[in-house]
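The opening residue of the sequence shown carries number 1 in full-length UniProt numbering; numbering runs sequentially from there.
For each residue, glycine too, the CB sits at the ideal point set by N, CA and C.
Quick caveat: nothing in here was measured; it's all calculated off a predicted structure.
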Amino acid sequence: MDLTDLHVFRTVVESGGITAAANRLHRVQSNVTARIQKLEEDLGTQLFVRVGKRLQITPAGRTLLDYAHRLLVLADEARNAVQTDAPPRGLLTLGTMESTAGVRLPGPLAEYHRRYAEVRVELHTGSPRELMAKVLAGESDAALVAEPVSDARLSSLAVFDEELVLVTVADHPVVRKPADLREASVLAFHPGCPHRERLERWFGQGGREIARTVELASYHVMLGCVAAGMGAALMPRSVLDGYAARSKLREHKLPAPFQRAKTLLVWRKDQPQAKVSALAEILTKRKRVA
């Protein structure tokens, strides 16, 4: 079915006939008639019957009218959703790192929902590499990832500035360099995690090899394992501050090159969208307030 044919069909019904619909659509009557006939051929059913000099819609036509209205409304929504100057609406698929989702996003997303009720948000987590790949493939509208972002196809905006801390069990002595750790065991996310890579560089510059890396998928689990003495972990301080058993842990500051990391909102340069711009505005405003 062609949307133009559905529009003509709906106009004929609303106008009460071919002549009135042709005037309303600024078309000749023969063109309107041809559109209706084409639609009937596509559907294999009669949409109107002539009763005297008037057209009367058939039961099949009345059924189609409801679908035609919904399809045309949906088409308008889709058209508006991809316009950068239109009000945000539709589905926003947002990728994010696990720490950002748990600590940084609840407030901004709540504000986004209040301001843009016509947008549905779908959130998924992953490593920065995975998240950026999904944005580039068109599977996500935007993503929140740790720096650096070097792909020229992506636009980026710094929205969070995280302080990173090394976390150990509470009774561990102060750690200033890798040699200060009792054991060279670390707890981290899978390869590709920027915090894991940062921790590995810190060990490398300190001249000590990591003896064992325990890969985990949750900061909550990671902190529990650190508290149990399984090793050390590097994470945003904002994650540690929200941990219920904070007294069982000790934080250690690392040297400046390893101490801070920016979180960036990224999206495709060639696919700007109003719903992403709206999120960027909220995140930027909250950054200024903070």
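Can you check whether the CB of residue j is closer than 8 Å to the CB of residue i?
i           : j    : result
V266        : S156 : yes
L166        : M230 : no
L74         : R10  : no
C225        : L216 : yes
A60         : L47  : yes
Q184        : A211 : Position check: residue 184 holds Ala in this sequence, whereas Gln was assumed. Closer than 8 Å, so yes.
R246        : L254 : no
residue 293 : V32  : This structure gives no information on residue 293, because the portion of the chain shown stretches from 1 to 290.
P88         : A280 : no
P236        : G206 : no
L55         : R268 : no
Y67         : I282 : no
residue 324 : V159 : For residue 324 there is no data in the structure shown, the boundaries of the chain being 1 and 290.
F189        : S238 : no
R108        : R286 : Reading off the sequence shown, one finds Pro at residue 108, where the question assumed Arg. It is a contact, given that the beta carbons lie within the stated cut-off.
V12         : I36  : yes
K248        : A232 : no
F258        : L131 : no
residue 291 : S30  : Limits of the chain in this structure are 1 at one end and 290 at the other, which puts residue 291 out of reach.
G192        : R129 : yes
Within 10 Å of its beta-carbon, does residue i have 16 or more other beta-carbons around it, so buried, or fewer, so exposed?
i    : result
T263 : buried
V49  : exposed
L39  : buried
S218 : exposed
D42  : exposed
A290 : Summary for A290: the model assigns pLDDT 45, below 50, so the residue's position carries little reliability, and this model does not support an answer.
D141 : buried
L223 : buried
V221 : exposed
D2   : exposed
D76  : exposed
E162 : buried
L92  : buried
D270 : exposed
A78  : exposed
V103 : buried
R250 : buried
A256 : exposed
A22  : buried
Alpha helix (DSSP H) containing residue i: first to last residue?
i    : result
M97  : Counting along the chain, M97 falls outside any alpha helix (DSSP H), and DSSP gives it neither H nor E.
I36  : 29-43
A20  : 18-25
A179 : Looking at the DSSP string, A179 is not in any alpha helix (DSSP H), and its letter there is neither H nor E.
S15  : 3-15
H195 : 194-205
Y243 : That residue, Y243, is in no alpha helix (DSSP H); it is neither H nor E in DSSP.
A227 : 219-227
Who does residue i pair with in a DSSP beta bridge?
i    : result
E251 : V167
G90  : V119
K53  : DSSP lists no partner for K53.
R153 : Partner(s): none; R153 has no beta bridge.
H124 : G95
V145 : L264
D161 : K262
F48  : I57
Just to confirm the assignment, what range does the beta strand (DSSP E) spanning residue i have?
i           : result
P236        : 233-236
E215        : 212-215
residue 331 : Outside the modelled stretch of the chain, which goes from 1 to 290, sits residue 331, for which no answer is possible.
L265        : 260-268
Closest Cβ-Cβ distance between residue i and chain D: below 8 Å?
i   : result
I18 : Looking at the structure shown, chain D is missing, and only one protein chain is on hand.
Using a threshold of 7 Å, is the CB atom of residue i nearer than that to any non-hydrogen atom of the ligand MG?
i   : result
T19 : Looking for the ligand MG in the displayed structure turns up nothing, as the structure carries no ligands at all.
Could you tell me whether the stretch 196-203 touches the stretch 265-281, where touching means 3 or more Cβ pairs closer than 8 Å? no
The stretch 111-126 contacting the stretch 163-181, beta-carbon criterion three pairs below 8 Å: no
Do the stretch 84-100 and the stretch 136-154 make contact, defined as three or more Cβ pairs closer than 8 Å? yes
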